[in-house]
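The next block holds one structure in the form of structure tokens; read it before the comments.
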Amino acid sequence: MNVFTHFRGIIDAELASLSVAGSLPAEIDTKNVAVEPPRDASHGDIATNAALVLSKQAKKKPRDIAALLAPALEALDVVDTVEIAGPGFINLRLSDSFWQNQVQGILSAGKAFGNSRMGGGERVNVEYVSANPTGPMHVGHVRGAVFGDALSNLLQKAGYDVTKEYLINDAGSQIDVLARSAYLRYCEAHGRDIGTIPEGLYPGNYLVPVGQALKEKYGDQWLDADEDVWLATVRDEATDAMMDMIRDDLKLLGVEQSVFFSEKQLHASGKIDEVVEQLRARGHIYEGVLEPPKGQKDEDWEPREQTLFRATNFGDDVDRPLKKSNGDYTYFGADIAYHYDKYQRGFKSMIDVWGADHGGYVKRMQSAVKGLAEDGELDVKLCQLVRLLRDGVPVKMSKRSGNFVTLREVVEEVGRDVTRFIMLTRKNDAPLDFDFAKVLDQSKDNPVFYVQYAHARVCSVLNKAKEAFSGLDTSDTSLAGADMALVNHPAEIAMIKQCAAWPRMVESAAEAHEPHRIAFFLYDLASEFHTFWNKGNDEPSLRFIIEGKEDLTKARLALIRSVAFVIASGLEVLGVKPLEEMR
RNA sequence: GGUCCCGUAGCUCAGUCGGAUAGAGCACCAGAUUCCUAAUCUGGGGGCCAGUGGUUCAAAUCCACUCGGGAUCACCA
12 MNVFTHFRGI IDAELASLSV AGSLPAEIDT KNVAVEPPRD ASHGDIATNA
62 ALVLSKQAKK KPRDIAALLA PALEALDVVD TVEIAGPGFI NLRLSDSFWQ
112 NQVQGILSAG KAFGNSRMGG GERVNVEYVS ANPTGPMHVG HVRGAVFGDA
162 LSNLLQKAGY DVTKEYLIND AGSQIDVLAR SAYLRYCEAH GRDIGTIPEG
212 LYPGNYLVPV GQALKEKYGD QWLDADEDVW LATVRDEATD AMMDMIRDDL
262 KLLGVEQSVF FSEKQLHASG KIDEVVEQLR ARGHIYEGVL EPPKGQKDED
312 WEPREQTLFR ATNFGDDVDR PLKKSNGDYT YFGADIAYHY DKYQRGFKSM
362 IDVWGADHGG YVKRMQSAVK GLAEDGELDV KLCQLVRLLR DGVPVKMSKR
412 SGNFVTLREV VEEVGRDVTR FIMLTRKNDA PLDFDFAKVL DQSKDNPVFY
462 VQYAHARVCS VLNKAKEAFS GLDTSDTSLA GADMALVNHP AEIAMIKQCA
512 AWPRMVESAA EAHEPHRIAF FLYDLASEFH TFWNKGNDEP SLRFIIEGKE
562 DLTKARLALI RSVAFVIASG LEVLGVKPLE EMR
């Protein structure tokens with residue numbers, strides 16, 4: 012249960028009955044009322060600004076409203092004290108027994124603790140990665156992949172019905188380049204000397220096996236043939252091969268999307284025409300000439316009449332072209348149709364995860380969604396660059412020479428779990444440093460290690476306890492029956508409170524579409540746990556296993572088992588496996 | 001020139017729908033060590049939240065402008 016929404020319900024009910032009693036106006040708007048943990052723990056466990064928010068509506072002083080509300084809250088069994096503080100905050104302090112009782116709930120929920128119904132089963136589409144199928148995944152793709160995946164998991168946990176999706180950009184001119192590059196390798200497979208790969212084609216060795224496969228499947232029929240003979244087939248074959256490779260790479264990272272949507276199919280199905288006509292019918296499209304961009308001299312710029320979408324009607328800066336000079340649709344044109352397709356498939360809520368270099372594209376896409384469907388919602392999350400380092404020294408990469416670090420290399424060197432966790436240790440729109448040495452460091456400076464270590468320590472204590480008390484049942488159901496009243500040290504209660512904050516964390520992170528908050532929360536929780544552990548060094552009576560006191564030991568085991576469940580629950584969102592022992 | 005993102009302790013960064021005395025890690029300073037895993041621990045100093053103005057009972061948070069850093073700007077995706 013989410014402690015704060017629980018009390019929110021109680022406070023709302025009390026406000027309503029004050030309305031009925033005439034102490035507050037009949038119609039009150041409580042949507043800005045917050046029931047949350049106070050920033051300063053000395054203010055208690057739960058704080059509400061209700062009196063402040065309602066002051067103007069009720070035409071009463073905040074502290075007077077607080078005084079109306081306080082008695083009913085004071086009357087609750089689980090509330091120890093109620094105080095009216097500062098300008099009119101109401102601070103509640105809950106009884107130890109209330110917190111102690113939370114442990115049982117956590118143990119019975121297990122890793123499902125924190126699951127929320129906030130989303131109400133609403134369908135959400137999260138599109139991420141969508142790397143061009145022209146080569147293997149490289150580090151630049153990793154962050155978006157991990158972010159999108161964790162965000163999807165997070166939304167799922169918060170009660171949304173999430174579809175993880177990938178758009179295959181298999182229609183653009185880069186696919187022709189891919190096909191020509193693969194064709195060269197096909198010639199090479201037939202023993203031709205291809206020399207150095209010409210500028211503008213993909214030089215990577217990963218196309219060698221594709222050339223081989225083409226040779227085996229199609230023989231020598233295309234040698235010395237015109238491009239229009241083989242291009243279409245090689246395009247398809249090469250794209251398929253690249254997508255297989257990309258799916259394998261993603262699998263290494265633990266990313267498995269359920270829908271792979273082909274841009275080419277979008278063109279072929281006539282969907283784009285359909286959507287453009289629909290926009291035209293709504294008056295969002297016209298033929299016109301754009302102003303040249305200011306401040307930047309572009310020699311090639313020439314005024315030209317083209318098909319434009321009135322993005323400016325929806326907050327964009329200029330209207331955007333839907334067709335290229337050769338009559339083909341622009342990527343934007345196709346993308347509008349793609350988003351409309353998602354909408355028609357039942358996703359009113361869509362999230363796109365892009366690299367930060369696509370930031371200039373956000374407004375026009377959101378404009379298009381608004382232009383097509385008033386109730387459609389598109390949130391675009393931009394992921395900033397990852398700086399790869401090795402012992403503090405930047406790793407040099409050059410895309411031109413094909414010398415980039417691949418996703419596979421990263422995952423094979425440091426592991427999936429470490430890669431995923433580190434990618435979420437920064438806000439998505441802030442740049443992130445990824446140091447091969449530091450992420451494997453086994454010290455508290457490394458958040459992955461620190462969190463994993465906390466989980467492993469709990470597992471280790473549970474094992475030790477079975478040795479200390481022969482026949483002790485440490486199963487979750489047994490621990491759930493422990494006498495939690497024995498766990499009453501302030502540090503223990505604080506530990507429970509932090510675990511109990513987990514459901515609220517899930518909801519707020521999901522609402523903000525910010526999975527990194529989970530990583531920070533886990534770090535804080537682990538930190539609290541380690542600190543508690545260390546207290547046992549100074550004060551042996553605070554250790555988890557107390558010889559001769561089986562009931563107390565069991566209660567403490569129940570507590571730390573809860574901590575482990577919350578950590579496991581959080582790691583699951585991040586797509587990281589909790590460790591039962593280190594190394 | 002337009003647009004978007006960023007600017008918080010010496011460094012790297014958190015900061016929830018606007019909420020009470022702005023937090024953490026590193027670094028620095030001072031202590032601790034027979035201990036369930038020392039793969040260290042405890043405590044301390046350190047801030048004009050880039051700046052100015054505005055909205056509000058209340059602003060790091062919202063709005064406007066300025067400064068500084070990055071990204072991007074029809075016919076690529």
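At position 456 of the first sequence the residue is numbered 467 (the numbering used here), and the sequence of numbers has no breaks. No residue lacks a Cβ here, since even glycine has one placed at the ideal position from N, Cα and C.
Checklist entry - CA-CA distance, R50 and L105? => result Residue mapping note: residue 50 aligns to position 39 of the first sequence, counting from 1. Residue mapping note: residue 105 aligns to position 94 of the first sequence, counting from 1. Straight-line Cα distance between these residues: approximately 16 angstroms.
Checklist entry - How would you label Q453, buried or exposed, when you count the other beta carbons within 10 angstroms and need 16 or more for buried? => result For the purposes of this step, residue 453 is taken as the residue at position 442 of the first sequence. The residue in question, Q453, is exposed, as its Cβ has fewer than 16 Cβ neighbours within 10 Å.
Checklist entry - Is the CB-CB distance between L166 and R196 below 8 angstroms? => result Reading the first sequence from its first residue, position 155 is the one you call residue 166. Reading the first sequence from its first residue, position 185 is the one you call residue 196. It is not a contact, given that the beta carbons lie outside the stated cut-off.
Checklist entry - Would R398 pass as a contact of D456 if the rule is Cβ separation under 8 angstroms? => result Translated into the one-based positions of the first sequence, residue 398 becomes position 387. Translated into the one-based positions of the first sequence, residue 456 becomes position 445. It is not a contact, given that the beta carbons lie outside the stated cut-off.
Next on the checklist: I'd like the list of long-range same chain contacts for T600, defined as Cβ closer than 6 angstroms, with 5 residues on each side in sequence excluded.
Outcome noted: Residue 600 is absent from the model: the chain starts at 12 and stops at 594.
Item to check | Sufficient close CB pairs (3 or more, under 8 angstroms) joining the stretch 71 to 86 to the stretch 474 to 488 | outcome: no
Item to check | Of the residues I433, A441, D440, the one placed nearest L451, counting alpha carbons only | outcome: Counting from 1 along the first sequence, the entry for residue 451 is found at position 440. Looking at the Cα atoms, I433 is the closest of the given residues.
Checklist entry - Under the rule that 16 or more other beta-carbon atoms within 10 Å means buried, what is N499, buried or exposed? => result If you number the first sequence from 1, residue 499 lands on position 488. That one is exposed.
Next on the checklist: I need the straight-line Cα distance from A530 to G370, nearest angstrom please.
Outcome noted: As a first step, residue 530 must be located in the first sequence, where it is residue number 519. As a first step, residue 370 must be located in the first sequence, where it is residue number 359. In a straight line, the C-alpha of A530 is about 25 angstroms away from that of G370.
Item to check | Backbone CA spacing between G426 and H527 [nearest angstrom] | outcome: Along the first sequence, read from residue 1 onward, the residue named residue 426 stands at position 415. Along the first sequence, read from residue 1 onward, the residue named residue 527 stands at position 516. Spanning the two alpha carbons is a distance of roughly 19 angstroms.
Item to check | Beta carbon of Q395 nearer than 8 angstroms to that of D440 | outcome: Within the first sequence, residue 395 is the residue found at index 384, counting from 1. Within the first sequence, residue 440 is the residue found at index 429, counting from 1. Closer than 8 angstroms, so yes.
Checklist entry - Counting Cβ pairs, one atom from each stretch, are 3 or more of them under 8 angstroms apart for the stretch 137 to 155 and the stretch 248 to 267? => result yes
Next on the checklist: What does the alpha-carbon distance come out to for the pair L536 and E525?
Outcome noted: Mapped onto the first sequence, residue 536 falls at position 525. Mapped onto the first sequence, residue 525 falls at position 514. Going by the C-alpha atoms only, they are around 18 angstroms apart.
Next on the checklist: Counting C-beta neighbours from all protein chains within 10 Å, is the total for Q355 16 or more, i.e. buried, or is it exposed?
Outcome noted: On the first sequence, position 344 is the one that residue 355 refers to. When all chains shown are included, Q355 counts as exposed.
Item to check | Proximity winner among G357, R431, L242, relative to H152 (alpha-carbon distances) | outcome: For the purposes of this step, residue 152 is identified with residue 141 of the first sequence, where counting begins at 1. Comparing Cα-Cα distances from H152 to each of G357, R431, L242, the minimum goes to R431.
Checklist entry - For F576 versus G170, is the C-beta spacing smaller than 8 angstroms? => result Counted from its first residue, the first sequence places residue 576 at position 565. Counted from its first residue, the first sequence places residue 170 at position 159. Cβ atoms of F576 and G170: not closer than 8 angstroms.
Checklist entry - Which runs of the alpha helix (DSSP H), 4 residues or longer, sit entirely within the stretch 121 to 175? => result 150 to 168
Item to check | R401 classed as buried or exposed, judged by whether at least 16 other C-beta atoms fall within 10 angstroms | outcome: Translated into positions along the first sequence, residue 401 becomes position 390. Per the 10 Å Cβ criterion, exposed.
Checklist entry - So, do the stretch 297 to 316 and the stretch 339 to 358 have three or more beta carbon pairs nearer to each other than 8 angstroms? => result Counting Cβ pairs under 8 angstroms, fewer than three are found: no touch.
Next on the checklist: Less than 8 angstroms between the beta carbons of L178 and F272, yes or no?
Outcome noted: Reading the first sequence from its first residue, position 167 is the one you call residue 178. Reading the first sequence from its first residue, position 261 is the one you call residue 272. Yes.
Checklist entry - In terms of residue numbering, what span does the beta strand (DSSP E) encompassing N102 cover? => result Walking along the first sequence from the start, residue 102 turns up at place 91. That run of the beta strand (DSSP E) goes 100 to 105.
Item to check | Residues that L57 bridges to, as DSSP identifies them | outcome: Counting from 1 along the first sequence, the entry for residue 57 is found at position 46. The identity of residue 57 in the sequence shown is Ile, whereas the question assumes Leu. Looking at the DSSP assignment, I57 forms a beta bridge with L103.
Checklist entry - With distances taken from CA atoms, which of D255, V173, L65, S184 is nearest N337? => result Taking the first residue of the first sequence as 1, we reach residue 337 at position 326. The residue with the shortest Cα to Cα distance from N337 is S184.
Next on the checklist: Can you check which of these residues, E47, D311, M361, V44, is closest to R134 by C-alpha distance?
Outcome noted: One-based indexing of the first sequence puts residue 134 at position 123. Answer by Cα proximity: M361.
Checklist entry - Who are K392's beta bridge partners in DSSP? => result Taking the first sequence and counting its residues from 1, one reaches residue 392 at position 381. BP columns for K392 point to V364.
Item to check | Simplified DSSP state of S273, which is helix, strand or coil | outcome: In the first sequence, residue 273 corresponds to position 262, counting from 1. The answer is strand: DSSP assigns S273 an E or B state.
Item to check | Those residues which DSSP pairs with L178 across a bridge | outcome: Walking along the first sequence from the start, residue 178 turns up at place 167. Paired residue(s): F272.
Checklist entry - Rounded C-beta distance between I557 and L563? I'm assuming under 8 angstroms. => result If you number the first sequence from 1, residue 557 lands on position 546. If you number the first sequence from 1, residue 563 lands on position 552. The Cβ separation is near 5 angstroms, so the contact holds.
Next on the checklist: Counting C-beta neighbours from all protein chains within 10 Å, is the total for E522 16 or more, i.e. buried, or is it exposed?
Outcome noted: To locate residue 522, count along the first sequence from 1; it is residue 511. Counting the other CB atoms within 10 Å of its CB gives E522 a total below 16, which places it among the exposed residues.
Next on the checklist: Under 8 angstroms: do the stretch 206 to 221 and the stretch 294 to 302 share three or more Cβ pairs, one atom per stretch?
Outcome noted: no
Checklist entry - Which residue from I186, V380, A190, E227 puts its Cα closest to that of A200? => result Locating residue 200 in the first sequence gives position 189, counting from the first residue. The shortest Cα separation from A200 among I186, V380, A190, E227 belongs to E227.
Checklist entry - alpha helix (DSSP H) containing R528: first to last residue? => result Within the first sequence, numbered from 1, the residue matching residue 528 stands at position 517. Its alpha helix (DSSP H) spans residues 527 to 549.
Next on the checklist: Please classify E423 as buried or exposed, where buried requires at least 16 other C-beta atoms within 10 Å of its C-beta.
Outcome noted: Along the first sequence, read from residue 1 onward, the residue named residue 423 stands at position 412. So E423 ends up on the exposed side.
Checklist entry - In three-state terms, what does DSSP make of Q453? => result For the purposes of this step, residue 453 is identified with residue 442 of the first sequence, where counting begins at 1. Reduced to three states, the DSSP call for Q453 is coil.
Item to check | Backbone CA spacing between E94 and F532 [nearest angstrom] | outcome: By 1-based counting over the first sequence, the position of residue 94 is 83. By 1-based counting over the first sequence, the position of residue 532 is 521. Near 28 angstroms, if we compare the C-alpha coordinates of F532 and E94.
Next on the checklist: Going by DSSP in three states, F320 sits in which element: helix, strand or coil?
Outcome noted: Taking the first sequence and counting its residues from 1, one reaches residue 320 at position 309. Strand.
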